[in-house]
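Report on the following structure.
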Amino acid sequence: MGRQPCCDKLGVKKGSWTAEEDKKLIIFILNNHHCCWRAVPKLAGLRRCGKSCRLRWTNYLRPDLKRGLLTDAEEQLVIDLHARLGNRWSKIAARLPGRTDNEIKNHWNTHIKKKLVKMGINPVTHEPIGKSSDEDHQSSLQMNLPTDHQTNGPENPKSHHNVSSSLVSPTGSTTDKVTSLEDGSITGGGSEDDEFLLNNLWVDDGVLGAPDDLMGNFRTNNNVMDIGFLSSWDENCSWLMGCEDFGLSDFGFNCFSDMEVVKQVEPQTMEVAEKQ
DNA sequence: AATCTCTGCAACCGCAGAATC
DNA sequence: CGATTCTGCGGTTGCAGAGAT
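So that you can map any letter, position 172 of the first sequence is 172 in UniProt numbering, and since no number is skipped, the others follow by simple counting.
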């Protein structure tokens with residue numbers, strides 16, 4: 001028998017989300033969390049696929065998301081993690097609070113990849129271009145690059161060393177780990193090894209761990225909704241899990257005044273929010 | 001000022017594994 | 001235990017804005 005289908009494709013809207021749709025989704029999840037994504041669009045009054053709702057929420061509307069370009073430290077960590085995990089963006093994203101796999105994937109493809117090539121580093125193998133005889137990698141790499149990079153080629157031949165050595169992180173902690181990885185101590189795909197090493201990497205990298213200034217912001221296409229009274233990653237997460245206990249006005253969601261707010265704000269929660 | 005080209009990002013698509021019946 | 005569906009992931013696409021001509 002199995003389950004019911006995810007969504008009937010008929011009447012499902014595609015394309016960019018409107019501010020109105022964002023509001024509906026945010027309000028629904030605030031009041032109900034999400035029981036299952038399949039049910040979300042119908043219950044929230046959206047003509048979207050549940051999959052699309054999940055994507056919109058996780059990649060754009062989640063309150064714990066950071067915004068803007070990755071910092072140097074984050075970029076360095078992405079490079080290090082990519083060197084050992086490959087294109088497992090979700091695993092990489094799990095190590096960068098407030099960043100999504102989609103965001104990291106995009107940043108890799110648009111920024112980091114080019115930067116590495118300019119430095120003479122193969123972004124696939126993380127080895128100096130020309131060092132290995134894997135011409136397949138190089139040719140495939142060039143296929144994926146814009147023409148300006150194809151014509152210019154590596155502009156920095158002096159960078160014939162490990163990526164992680166050339167892009168030194170502020171802590172300097174990640175470089176050594178990468179070196180140890182490349183001597184064969186890491187087995188590709190070994191999830192337990194990955195977890196162990198990544199946890200070490202995570203723990204000692206205070207720069208990236210749960211930033212103090214990580215303030216959750218809800219944003220729509222037109223609005224940024226401050227929920228800055230939450231001061232840490234953990235608080236953000238726990239708040240999310242218990243979001244049904246709060247009303248929208250607690251978070252400064254006055255922009256939703258035109259929307260029907262289902263739940264009433266409890267006086268106690270107001271007090272808590274004000275104290276923060 | 002108008003047009004063209006390039007770049008970056010949000011969103012979609014298809015697949016695989018997990019979950020459910 | 002097989003069939004079916006759900007969820008999450010990675011690859012890819014399409015559009016909008018920026019920059020170049």
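Don't be surprised by glycine CBs; every beta carbon is placed ideally from N, CA and C.
Report the rounded CA-to-CA distance for residue i versus residue j, giving the unit in angstroms.
i, j, result
"Trp57", "Arg47", "15 Å"
"residue 280", "Arg62", "Summary: the structure shown does not reach residue 280, with the chain confined to residues 1 through 276, and so no result is reported for it."
"residue 312", "Pro128", "The question about residue 312 has no answer here: the residues shown for the chain are numbered 1 through 276."
"Leu55", "Met119", "34 Å"
"Pro123", "Asp72", "17 Å"
"Thr110", "Asp64", "24 Å"
"Ser90", "Leu77", "14 Å"
"Gly68", "Glu75", "12 Å"
"Gly85", "Ala19", "The sequence given here has Leu at residue 85, not Gly. Their backbone Cα atoms lie some 36 Å apart in a straight line."
"Arg88", "Lys114", "19 Å"
"Trp37", "Cys53", "7 Å"
"Leu30", "Ala83", "38 Å"
To which residues of the same chain is residue i closer than 6 Å at the C-beta, ignoring the five residues directly before and after it?
i, result
"Asn59", "Thr100, Asn102"
"Trp17", "Arg56"
"Phe28", "Ala44"
With the cut-off set at 8 Å, would you say residue i and residue j are in Cβ contact?
i, j, result
"His107", "Leu70", "yes"
"Ile104", "Ile92", "yes"
"Arg95", "Leu116", "no"
Who are the Cβ neighbours of residue i in its own chain at under 7 Å, not counting the five residues just before and after it?
i, result
"Lys24", "Ala44, Gly45, Leu46"
"Val12", "Arg47, Arg48, Cys49"
State the CB to CB distance for the pair residue i and residue j, rounded to an integer number of angstroms; the pair is presumed to be in contact (CB under 8 Å).
i, j, result
"Glu98", "Lys66", "With the sequence shown as reference, residue 98 is identified as Gly, and Glu is not the correct amino acid for it. About 3 Å separates the two Cβ atoms, so the contact holds."
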